[in-house]
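Encoded as structure tokens, the structure appears first; notes follow it.
Numbering (the numbering used here), first residue to last: 346 to 630.
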């Protein structure tokens, strides 16, 4: 069975990811307007009316601001932890009771033939999670909004065929930038966001644990550049004898639009020209 994945948006100003498997069409987060998400879905041949549901990682606006609109417009179930439901209640508007679905971090569940495993992450939200998705032997993981490297979430990502991994900021850019002190302190804290350097260190460990491909995402628009994130992570890999593109696939997710469609199968992963072109463009090849 094939598992399809497309980062529609991945950045500090808004996040939405598409996952398709066995007739299920899911969004992970909807942190932009319904119309913008609908437009990006159409670029990969998916109609918003054919969505099966929305899974929410946590209640921050860049992950949930479009959830209520899409749920009401297309009668979509919304899946979140109880803490996330409490935290995002004021942002969503009315959600039909039949579309309010609850899960617990650490307890897996099935959506069609897709096994979903939410896991806790170190972020300053009520009950935030990342996700692992499995379809037979194929495994996809989503891990952003990570304040620090922890053994617990590294273990969850082990053996993934593809990981969307946060590379939010360059530490020196953030320190020298215009953000107020409190916001800088929050981002740099252990419940904030993962830096490029930490993303590199994490990916080195993940490759050793069997991860085959990684996409860097959730980049800050003010404190990072795609080229800088890519080169920082690539250098960390090379310093440990891991060759990007040979020992591990390394791609980038766009902040402002879809990054191409990745298709994971039993033996391989393929991607359309959009995904491959953007990764190579960022790498300067």
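Every residue, glycine too, gets a C-beta built ideally from N, C-alpha and C. Just so you know, these numbers come straight off a predicted model, no measurement behind them.
Q. So, using beta-carbon positions, are residue 399 and residue 363 closer together than 8 Å?
A. no
Q: Could you check the C-alpha separation between residue 537 and residue 384 for me, to the nearest Å?
A: 30 Å
Q. Is it true that the stretch 369 to 386 meets the stretch 491 to 506, where meeting means three or more beta-carbon pairs spaced less than 8 Å apart?
A. no
Q) Under the three-state reduction of DSSP, which class applies to residue 631: helix, strand or coil? A) Residue 631 falls outside the range modelled here, since the chain spans only 346 to 630, and no answer is possible.
Q | Between the CA atoms of residue 391 and residue 535 - distance to the nearest angstrom | A | 37 Å
Q. Three-state secondary structure (DSSP) at residue 380?
A. helix
Q: Output yes or no for whether 8 Å exceeds the beta carbon distance between residue 546 and residue 504.
A: no
Q: Let me know the secondary structure DSSP gives residue 524 once reduced to three states.
A: coil
Q. Would residue 367 pass as a contact of residue 457 if the rule is Cβ separation under 8 Å?
A. yes
Q) Can the beta-carbon of residue 561 be found closer than 8 Å to that of residue 574? A) yes
Q. DSSP state of residue 609, grouped into three classes?
A. strand
**Q.** First and last residue of the uninterrupted beta strand (DSSP E) at residue 474
**A.** 474 to 480
Q: Decide if residue 500 is buried, meaning its Cβ has at least 16 other Cβ atoms within 10 Å, or exposed.
A: exposed
Q. When DSSP builds the beta bridges, which residues end up paired with residue 361?
A. 354
Q: Could you have a look at residue 433 and say whether DSSP puts it in helix, strand or coil?
A: helix
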